[in-house]
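A.B. asks: The sequence shown begins at 32 in this note's numbering and counts up by one.
Where a beta carbon is used, it is the ideal one built from N, C-alpha and C, also for glycine.
Questions regarding the structure given below will be posed in turn.
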Amino acid sequence: MAQEIRAEMVANVMSVDVNPGDRVSDGESLVVLESMKMEIPVLLEGPGRVDRIAVQAGDVVREGDLLAVVEGVESA
């Protein structure tokens, strides 16, 4: 089952730590956002495979914007 990972706030994308096709594990950072001079890693809540990355470093995201799609993640 695919899980859409969305931004929880307005922020700048500092880095994208994974690529499409990568296998990722629970707690792994997908993207690092920056808001109000704080770095906020977006962590995965279960193992899976990155299907799509919807942002790149330097982008500005708003609350609810799609960051990534990960296959195989079962949210708690």
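#1: Go through its chain and collect everything with a Cβ distance to Glu35's Cβ below 7 Å, but skip five positions before and after it.
#2: Excluding the 5 residues preceding and the 5 following Ala107 in the sequence, name in chain order all residues of the same chain whose CB lies nearer than 7 Å to its CB.
#3: My understanding is that Val73 touches Val62, with C-beta atoms under 8 Å, so please give their C-beta distance in whole angstroms.
#4: What's the C-alpha gap between Val92 and Asp53?
#5: List the residues that DSSP assigns as beta-bridge partners of Pro51.
C.D. replies: So, from the data block:
#1: Translated into positions along the sequence shown, residue 35 becomes position 4. Same-chain partners within the cutoff: Leu97, Val100.
#2: As a position in the sequence shown, residue 107 is number 76, starting the count at 1. Confidence is the limiting factor: at Ala107 the pLDDT is only 47, short of 50, which leaves the residue's position unreliable, though a coordinate-based value still follows. So the list reads Glu76, once near-sequence residues are dropped.
#3: Translated into the one-based positions of the sequence shown, residue 73 becomes position 42. Translated into the one-based positions of the sequence shown, residue 62 becomes position 31. So it is a contact: roughly 5 Å between Cβ atoms.
#4: Counting from 1 along the sequence shown, the entry for residue 92 is found at position 61. Counting from 1 along the sequence shown, the entry for residue 53 is found at position 22. So the alpha carbons of these two residues sit roughly 23 Å apart.
#5: Reading the sequence shown from its first residue, position 20 is the one you call residue 51. Beta-bridge pairing links Pro51 to no other residue.
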